[in-house]
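Each remark here refers to the structure printed beneath this line.
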Amino acid sequence: MKIHLKKKLKFYNQNLTSGKIMNTITTNTQAKTIDLSHFSVQQLKEALSSIEKKKNEERETYKKLVAETIPKAILKLHKASKIISNVKTETFQLFETILDLKNQVYGFKEKQMSHTFSNDKEEITIGYRINEGWDDTVTIGIEKVQNYISSLSTNKETASLVKIVFNLLKKDAKGNLKGSRVLELQKLTKEFNNEEFTDGVDIIASSFKPVRSSWFIEASLINENGTRTNIPLSMSSVSFLNGYIFNFFNQQNEQTNAA
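With the numbering used here applied, the sequence shown covers 73 to 331.
Have a look at this one:
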């Protein structure tokens, strides 16, 4: 900033005595032409200094406003987060009782990640989402499957099966297999009845390591025509209240593993 000011003053000093400086200053109301030769170097210096000072003051005012606004917004967001957390916890607590009753009444525990409850006018779904993950042995399983498939002669009987397998082995944009395809591969082991193929599929299945990511609630209203209108919610990123643990799915998984 100082260097910039010195350059301006040098320009004024060189041209003031020759009377060459004529500058146009534009205001909000009209344009005025001022002969800068009527001003001393000191006056011009003070004018430039005033402009720089005003610019700096405006920038400081902006920074101060930002600093004062952030805490106000954070306070509101924090309150909203607490409200959502309370509602999420209370909703799961309500349906935890219903799920236990459902198990007792029907004598069967469903092995699923979500449950949907509805009446004529409303519908609610609670559950959890997972991130699909694989350990490093998945590549070994894929190679074994591909080796066997590549060795098959391409006749009419095997061509369609080979195409199905290669489609199932396709990876997504992140370079991962889809977990849902493992079950399809396992079904095909009976079709091929080959030790290498079966071993490869078993390796792929055992390398699947899904990780629970978040608990969610979805709700919608149902009109007379049966059309559903979603209630806007964003519960996934909000945790339960401290001390509350939704154990229903954990108990389900433990019983499944024990079986």
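C-beta atoms are modelled at their ideal positions from N, C-alpha and C, and glycine is treated no differently.
Where residue i falls: helix, strand or coil (DSSP)
i: M94; result: Low confidence applies to M94: its pLDDT is 43, below 50, so where it sits in the model is not reliable, and the reading given next is rough at best. Reduced to three states, the DSSP call for M94 is coil.
i: V254; result: helix
i: F280; result: strand
i: N319; result: coil
i: N302; result: strand
i: L147; result: helix
i: E162; result: helix
i: E204; result: coil
i: E130; result: helix
i: L233; result: helix
i: L293; result: strand
i: N175; result: helix
i: K261; result: First, the amino acid is wrong: residue 261 is Thr here, not Lys. Helix.
i: T211; result: helix
i: A245; result: coil
Cross-strand partners of residue i (DSSP beta bridge)
i: G199; result: S186 and F288
i: E194; result: L293
Whole-number beta carbon distance between residue j and residue i, since they are thought to touch under 8 angstroms
i: V217; j: G272; result: 4 angstroms
i: I196; j: I289; result: 7 angstroms
i: N239; j: E204; result: Going by Cβ atoms, the distance from N239 to E204 rounds to 17 angstroms, so no, they are not a contact pair.
i: S292; j: R201; result: With a Cβ gap of about 18 angstroms, S292 and R201 do not count as contacting.
i: W206; j: F269; result: At roughly 19 angstroms, the Cβ-Cβ gap does not stay under 8 angstroms, so W206 and F269 are not in contact.
i: E168; j: F321; result: With 8 angstroms as the limit, E168 and F321 do not qualify as a contact, their Cβ atoms being about 10 angstroms apart.
Residue i, buried or exposed, once every other Cβ within 10 Å from all chains shown has been counted against 16
i: V237; result: buried
i: T209; result: exposed
i: T99; result: Any reading at T99 needs caution, since the residue's pLDDT is 41, under 50, leaving its predicted position unreliable; the model's value is listed next. Exposed, since its Cβ has fewer than 16 Cβ neighbours within 10 Å.
i: V310; result: buried
i: I170; result: exposed
i: K299; result: What sits at residue 299 in the sequence shown is Thr, not Lys. With fewer than 16 Cβ atoms within 10 Å of its Cβ, T299 is classed as exposed.
i: L255; result: exposed
i: K136; result: exposed
i: T211; result: exposed
Rounded separation between residue i and residue j - CA only
i: G399; j: E129; result: Any property of residue 399 remains undetermined from this structure, which presents the chain solely from 73 to 331.
i: L241; j: F189; result: 36 angstroms
i: L166; j: G213; result: 44 angstroms
i: I276; j: P282; result: 13 angstroms
i: K259; j: N219; result: 19 angstroms
i: S278; j: L233; result: 23 angstroms
i: N297; j: K193; result: 10 angstroms
i: S252; j: L173; result: 30 angstroms
i: N69; j: W287; result: In the structure as shown, the chain begins at 73 and stops at 331. Residue 69 is therefore absent and cannot be evaluated.
i: K148; j: T141; result: 11 angstroms
i: N158; j: N191; result: 24 angstroms
i: N250; j: S153; result: Note on residue identity: the sequence assigns Lys, not Asn, to residue 250. So the two alpha carbons sit approximately 33 angstroms from each other.
i: L305; j: V138; result: 29 angstroms
i: E263; j: H150; result: 57 angstroms
Proximity test, Cβ basis, 8 angstroms: residue i and chain B
i: Y316; result: Structure shown: chain B not included; a single protein chain is present.
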